[in-house]
Amino acid sequence: MTVRYLNSVATNSWFIFMKLLFRFAQFLYSDLRWRGSVYRYIWFDFLLFCGLYFLISLTYRFVMPDSIKRAFEAYCSFCKYYGEYIPVYFVLGFFVDIIVERWWDQFLNIPWPDEIAMSLGAYALGHSERVRMQRRTIMRYVNLSFVLAVLDMCSRAKLLFPNEFSLVSAGLATQEELLLYFQSAPFQLSACYVEPCLWAQDIVSQMRMEGSINSDRSVELLCKQIAEFRSGLGSILCYNLISVPLWRASGSLISAYLLTYFNIELPFLQVAILTVYSYTISSLFAWQFLDPNKSVMGDEVDLYVPIFGLLRFFFYMGWIKVAESLINPFGEDQDDFDIDKIMSYYIVDSMYEQVPPLSRGVVLEVMEQPESQRQNYMAKISRRASVLSNELFLGSLTNVNINARRRRGHCILVCTMFHPVCLRHLVRLGFFCRSKHIRLSPLADAFNYGPNNISIKDKKVAGLFGDDKLCEPDGFQASLDECFGNCHMLIHEAKNPNRKRIMVQVLDDLSDSLCRVADLADCIRALHPDEAYQRAANEVCLHVGNLVESLNTDVGLYDAAVRAVHAQTSSSSSPEAQTDLVDKRVLSLFVEDFEQSGVHLKDASDRQTFLKAASRNLELGVEFNRIANTPVTLSSTLLSSISNDVDWRPFSGKKLYSPYYEAPQQFLRALSYTLFFGPIEGQEYRLVELLEARDKMAKAAGKKSFLYRAVQQTSLAESPEGVEHFLTTLSTLLTQTATRTALSHLRKDLEPQQDRLRPWDIPFLIHQGQQCGGYERLQAFFSLGACMEGVSQLAHSLFGLRLEAEPALPGEVWHPDVVKVTAYTTESHVAMEGEEVHPWEVRYPIGPGVQVGTIYCDFFNRPGKLPTDCHYTVRGGRHTENTMFESHSPYQYPVVVLQLNLGPSPASSEDGTPALLTPGQVENLFHEWGHALHSVLGRTRYQHVTGTRCSTDLAELPSTLMEHFALDTRVTAQYARHFQTGEAPNSDEEMKALLYLNASRGYGESVEVMLQLVHSILDQRLHSDSPSKVLTPFQGIPSASPPSALLFENLLMEHCSPWLSTDLPSQLQHLPVATTHRFGHLCSYGGRYYSYLMARAAAGLIWHKGFAGDPWSSGFGRRYRDTLLRHGGERRPQEMLSRLLNEDEGTADMGHLAAGLCEDIAVREEAARIILARIGNASWNLVR
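Read left to right, the sequence shown gives residues 1 to 1184 (UniProt numbering).
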């Protein structure tokens, strides 16, 4: 907005010119006046010119010898004579005149919606809700057309609406309108701004037919005004879209006219700038005062300051700077147009029939109507945008994201295809040689067609992860030796009472030394196809495991850590006295880790009991998990006991790896369920012994039960009582919703009808409901590369990261299909205002373009690869302040490996078809990338608590939140692209399928969560005391099922009996069922299986707080990054969650989390029900 000064010169006086000339002196009192003055534009150039001038003058006077002085004087005279030939007056005057005229004409051509609003108030009569909505919708469409027209030419508009879906959160458009907009303009041409104007005219015609507008003349006037509004938009777009070469019409009246109405040609702008700056440079010498004793003509007077020369510089430089600021008035300069104020002029009902009463007075009372929520939203962002610096000024095509939009630039081809030179270049570039599978982006292509498509220029042979020692399997021994050496030095330092570093730094170095080797080896032994590497990595894991066990039981090391904890509160000169809250928290975590191994036990018998129980726990856990994952071999004896009337010979000897939930026959689902979950010989004994060993470990360490060992105070739940409160509240609140869903929606698809559902029916019924939306027509849009592009777009929009696929050096990866992705910052990663920032981060801020992490993606199937989805943190991030290891960077950035099985390798595809993902695979991909981004964005002081190295319930939060983005329609509309055409879904059927794909993920969700809830309660119950006490009530019951299975069945009936029954079909009732024998999570998540549900609840609260209205919200994304992701486990989880949600810590209360999860499930299920009811209706339209 131009700076107003007319109020200061409203009254003429003798000194009025002083108010204008010395306006800059008032900037101490008014920053706005300073920013609107000419002095702001030229002060740097002026000071630079004066500095260079006086440097040359002083060098001439006091440094140069006489011989050089004579040559310098001759050169100055030469510049003075020929410098006047530079046509600075003509070029600058002509240039400024055109710029100012063009600036004013653009303002006059801006269309204002006031006239349309006034006419609507006069001609569209009525107070009904429909008429009111029609008036408001017409004005909203007019304003939407304005925003779409200026969106790609006005940086203020880009700040307000960074993407199309931000129009939804601002209230300018609905999701259905945007989808229709995309459908009508698949290539996103600039002329698409006309579409809302056409909608507005259709509504005007509709109002005439309904009688809301009572004359054809009124319709004609309204349509004419809308057309004139569109014409005005077209006029201002011409300045940005069309360039007219200056030389084609120079010297004529036509040139002035064309230059007024179209873009200034870039060469003309360059000529004007070169003219002024070349004249300025020559003036550095031409305006020098030379020695008057040498009788140089024109230098009879010797002054140090060229007064008139500086005035001339001020005039010329001021002209060119002011002209530069006026070239594009749709930017952020002080003399640019305040477009965001015009965008808020669309409310029309506030003025309808609001006529003040007649009065004889000359002053009328004006009733101001309260502004809407959208106006407050836009006003707040407008104030923020208006104070931004010139760095935010953007050119016409600066922010066009070609990779995200996948537009192919057909308008350019139309203009150039007939030129032979352009034709040759286009053919060379491949525009006319489109293959069957087009390219989307370098990142997407690396996943769709393999990383081999990226050329490797550097032929250097590297080891795994770039470590030269790992070029061969024998290199693991060298890494192990180095690790052992570092550990011995660190142990000596930790036990040294005179150490210089604080204890937590020493222990973190020790942890980093171990994790670098152990985590890398664990990853390689699971993923490397070469057995030699597997064996070498396995040996490293065993040796490091033994070392870790010895360190955890090192009494001297533990005592040194405890002394450091006590020294933190003392007033001694110990370095521990200087620690802050983060240091104290991380050191306490190290002490807790020590105590997990029983090193704190003073009684030798207690320690011996603990060590035996711990060894037994490890041994039984591995064995129980192995047996739980073995398939069932179908024996003829077992099958014959079911029925003798069936020929079971074709099934004898077959292996059953899971129940056949996809079978359409209900009896077949029940049969496979019963056979797979039948009791396993010896498994009940292993389970009881495992639980007994864990109970002994806990009680030997002074814990009430194993739950108090598993659920620590540093977790989100903070205590077993918190977990119990969460699960109990969730069961109470969710039971009614699950009952309604099961009996009203799921049960109706059962044949024959039953009073309640059965466990084997639930996966089948939910899958059937989720698949009825026609995903098969969408699958081609969800190639792995397209989905990775979606992850990249989210990382850029929310967190300021750029993901790039980079070539891996030969030997750097373990398989040719592995894709190396590097994360770079796109902005300065500084903490939000109000967040505590460590001095190290203030001293070494992370700027844009910094590589902050590396992610190795192993996504394709291959023989021998484990069929699990997981991630490995090969190296954790941290500060490098006071570390033992030499570092050339203030930060140690993470290295992460993601393992998924998403389809065959691109190298094995005969027709080049990339991996096409199912909805479940898309969610898994986003889930694992949530873990990776958590690690990459961590800025913790210590790697022991970075990223996912925190409590399980907190570690699963970011990954669960990423699942909300995966299939959200506003997100998929941006990244879903057909792998053959590159086009987004645009037909009606595809749009409906896309909408249903998002809504269907909530189908039957309450039933799924209730089953997961019961398993979590089972996990808590089994670890709450010794198994003899927990399972005793079920040991005397006459049943073929073991006690643990009876406990699980009892929990199912306690929480799910209104809608669930475990009764088997009559033919199978003699067969026992023991689902607990295959509950492998009891080993890996003992006491912590609740973590998924709690993370899901917290993620739901974050989603509804900041992303439900706009999933691309950069503001909340940065806040989420700086408040939660960057701190890992070095802060209290409930505190971080509460600060993120801008509420007190009661927000993270377990009851509040459970209530939030229930509300989220109810909303998602209702959306799925509505969409499912409409999807089969042929008359259902996208826009209503």
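Virtual Cβ for every residue (Gly too), placed ideally from N, Cα, C.
Asked, Found
"Within 9 Å, strictly: CB atoms of tyrosine 279 and isoleucine 86", "yes"
"Residue span of the alpha helix (DSSP H) that contains valine 852, given as start and end", "Here valine 852 belongs to no alpha helix (DSSP H); instead the beta strand (DSSP E) covers 851-858."
"9 Å Cβ cutoff met for arginine 1118 and leucine 794", "no"
"Cross-strand partners of glutamine 288 (DSSP beta bridge)", "DSSP lists no partner for glutamine 288."
"Where the beta strand (DSSP E) through cysteine 541 begins and ends", "Counting along the chain, cysteine 541 falls outside any beta strand (DSSP E), though it belongs to the alpha helix (DSSP H) covering 531-552."
"Collapsed DSSP secondary structure at alanine 1173 in the structure displayed", "helix"
"Residue ranges of each beta strand (DSSP E) within the region 808-833, 3 or longer", "819-825"
"Whole-Å CB distance - valine 599 paired with threonine 553, under 8 Å assumed", "5 Å"
"Proximity test, valine 548 beta-carbon vs the ligand SAH heavy atom, cut-off 8 Å", "The model on display carries no ligand, and the ligand SAH is accordingly not part of it."
"First and last residue of the uninterrupted beta strand (DSSP E) at threonine 873", "870-875"
"DSSP state of alanine 663 mapped onto helix, strand, coil", "coil"
"Integer-rounded CB distance, given that serine 513 should sit under 8 Å from cysteine 483", "5 Å"
"Three-state secondary structure assigned by DSSP to lysine 704", "coil"
"Rounded separation between histidine 1081 and tyrosine 1090 - CA only", "11 Å"
"Whole-number beta carbon distance between isoleucine 502 and glutamate 576, since they are thought to touch under 8 Å", "6 Å"
"CB of leucine 1022 within 9 Å of CB of leucine 620, strictly", "no"
"Inter-residue Cα distance where the pair is arginine 1169 and valine 150", "39 Å"
"Distance between glycine 556 and aspartate 593 (C-alpha atoms, nearest Å)", "15 Å"
"Residues of its chain near valine 355, where Cβ-Cβ distance is below 8 Å and the 5 sequence neighbours each way are ignored", "The predicted position of valine 355 is uncertain, since its pLDDT is 48 and thus under 50; no value can be drawn from it."
"CA-to-CA distance, cysteine 1083 to leucine 1052, given in whole angstroms", "21 Å"
"Given serine 889 as reference, the closest of Val874, Pro845, His927, Arg208 once Cα atoms are compared", "Pro845"
"Option nearest tyrosine 141 by Cα separation, candidates Leu167, Arg1121, Ser588", "Leu167"
"Spatial distance of histidine 725 from serine 731 (CA atoms)", "10 Å"
"Bridge partner(s) assigned by DSSP for isoleucine 846", "His829"
"CA-to-CA distance, serine 1000 to alanine 1097, given in whole angstroms", "19 Å"
"Length of the line joining the Cα atoms of leucine 108 and glutamate 1005", "56 Å"
"DSSP three-state assignment for lysine 655, whether helix, strand or coil", "strand"
"Phenylalanine 594, DSSP secondary structure in three states", "helix"
"Nonlocal neighbours in the same chain, by C-beta distance under 6 Å from leucine 144, ignoring five residues either side", "Leu172, Ala173, Pro196"
"DSSP state of glutamine 892 mapped onto helix, strand, coil", "strand"
"Lysine 704 vs phenylalanine 610 beta-carbon contact at 9 Å", "no"
"Cβ-based neighbour list, asparagine 403, same chain, cut-off 6 Å, excluding 5 preceding and 5 following", "Its pLDDT being 39, under 50, asparagine 403 is placed unreliably in this model, and the coordinates cannot settle the point."
"Host alpha helix (DSSP H) of alanine 567 (start-end)", "555-567"
"Cβ neighbours of serine 1114 in the same chain (closer than 7 Å, five flanking residues each side left out)", "Pro162, Ser797, Leu798"
"Three-state secondary structure assigned by DSSP to glutamine 980", "coil"
"Residue from Ala693, Leu587, Tyr824 whose Cα sits closest to the Cα of aspartate 1025", "Ala693"
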